[in-house]
């Protein structure tokens, strides 16, 4: 049985080099690991070397996994007994997050953290994606440092709308057999797939997770909710903020009307999570978008992209001093 699991793992990873773990979208690599495309340690010893302390986890599955957090506790990797990354937890201070389309306890798990390492005691709302299944971990077939691939178990596990864990498959062919619906591709992001999204979907039924693909394979699983943080995150500025209806439509042309209306009055809090080391190399090809943006919208998007790249290259010069 173990041999079969290993062979299955090899077949999943053979078409995509899952050689990294980075979070937060950027238009270029100019400020990678400074303002975006933050590198998350995939090996426990590296997290310890970076000074990330081990934390007690909130209630949840896979109790074998160990949680380590940077300053601010906003984006925390989980490691399996072998010391390799097996999940990622996002955390938002209970008193600083506003989510107008749902009650936080419907999608998040509360986490009470005592004061430690110079940080105060706080309560957070958390949400977690797992890179290994409970079955594989119990069978001793969890991620291995020697393998080196961020995804070694054929997908990513997240909670569905009923609170049950579902697998987001690592191939686009299998993803298209699920309830995740194809939307549009954006360079440096990939093709977005949203769970059961249509123009009629209720905003109470929007899953906080979306899939990202490129060249037929899963390249990331991102987080997105209508809402905002009332204060900047401690330490790094971890999260992305979308502030316009047009930006929503460019990514998700079949977004429900309720989401578009909410985006007129509230920002969208987001985070792209990538399982490769160079997400800035992700391109969009013909057929990668279900309904490509109009020529004018593409022109505006490219204008924003190139302006940001120029500004970031200038900022990079100052970072070097």
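Residue numbers (the numbering used here): 514 to 834.
We treat Cβ as the ideally placed atom computed from N, Cα and C, and that holds for glycine.
Asked	Found
Grouping DSSP H, G and I as helix and E and B as strand, with all else coil, what is residue 574?	coil
Helix or strand or just coil, what does DSSP make of residue 831?	helix
Tell me the DSSP bridge mates of residue 722?	736
Counting only the same chain and skipping the five closest in sequence on each side, list residues whose C-beta sits under 8 Å from that of residue 729.	528, 684, 685, 686
Threshold first: 4 residues or longer. Then list the alpha helix (DSSP H) segments lying entirely within the region 560 to 632, N to C.	617 to 620
Does the count of Cβ pairs from the region 586 to 599 and the region 641 to 648 closer than 8 Å reach three?	yes
Among the residues of its own chain, which have a CB less than 7 Å from the CB of residue 779, if the five just before and after it don't count?	613, 739, 740, 741
Since residue 705 and residue 537 should fall inside the 8 Å C-beta cutoff, what is the C-beta to C-beta distance between them, to a whole number of angstroms?	Contact doesn't hold; Cβ gap of about 16 Å is too wide.
What residue does the alpha helix (DSSP H) around residue 669 start on, and which one ends it?	No alpha helix (DSSP H) holds residue 669; the beta strand (DSSP E) holding it covers 668 to 672.
In the structure shown, what three-state DSSP assignment does residue 749 receive?	coil
Just the Cα atoms here: how many angstroms apart are residue 829 and residue 731?	30 Å
Run through the DSSP bridge pairs and tell me what residue 703 is partnered with.	699
Should the region 785 to 805 be regarded as contacting the region 613 to 632, the criterion being three or more beta carbon pairs within less than 8 Å?	no
When DSSP labels each residue in this structure, what does residue 792 get in the three-state scheme?	helix
Cβ atoms of residue 531 and residue 788: under 8 Å apart, would you say?	yes
Which partner residues does residue 781 have in the DSSP bridge list?	739, 755
Which residues in the same chain have their Cβ closer than 8 Å to the Cβ of residue 758, if we skip the five residues on either side of it in sequence?	773, 776, 777
I'd like to know if the region 800 to 812 and the region 691 to 698 are in contact, where contact means that at least 3 CB-CB pairs between them fall below 8 Å.	yes
Taking the alpha carbon of residue 771 as the reference point, which residue from 716, 545, 656, 551 has its own alpha carbon closest?	716
To the nearest whole angstrom, what separates the beta carbons of residue 604 and residue 587, a pair I think is in contact under 8 Å?	6 Å
Would you tell me roughly how many angstroms separate the C-alpha atoms of residue 516 and residue 543, rounded to the nearest one?	Any reading at residue 516 is ruled out, since the residue's pLDDT is 33, under 50, leaving its predicted position unreliable.
Is residue 700 close to the ligand PLP? I mean its beta-carbon at under 7 Å from any heavy atom of the ligand.	In the structure on display, the ligand PLP does not appear, and there are no ligands present to speak of.
Within this structure, are the beta carbons of residue 806 and residue 763 separated by less than 8 Å?	yes
Per DSSP, what are the beta-bridge partners of residue 535 in this structure?	552, 787
Give me, in chain order, the residues of the same chain whose beta-carbon lies closer than 6 Å to that of residue 454; leave out the 5 immediate sequence neighbours on both sides.	Because the chain is modelled from 514 through 834, residue 454 falls outside the range shown and cannot be assessed.
Look at the alpha carbon of residue 709 and the alpha carbon of residue 761, and state the distance between them as a whole number of angstroms.	16 Å
Look up residue 766 in the DSSP assignment and say whether it is helix, strand or coil.	coil
What span of residues does the beta strand (DSSP E) with residue 659 cover, start to end?	Where residue 659 is concerned, there is no enclosing beta strand (DSSP E), given that its DSSP letter is neither H nor E.
Taking all protein chains shown into account, decide if residue 649 is buried (16 or more other Cβ within 10 angstroms of its Cβ) or exposed.	buried
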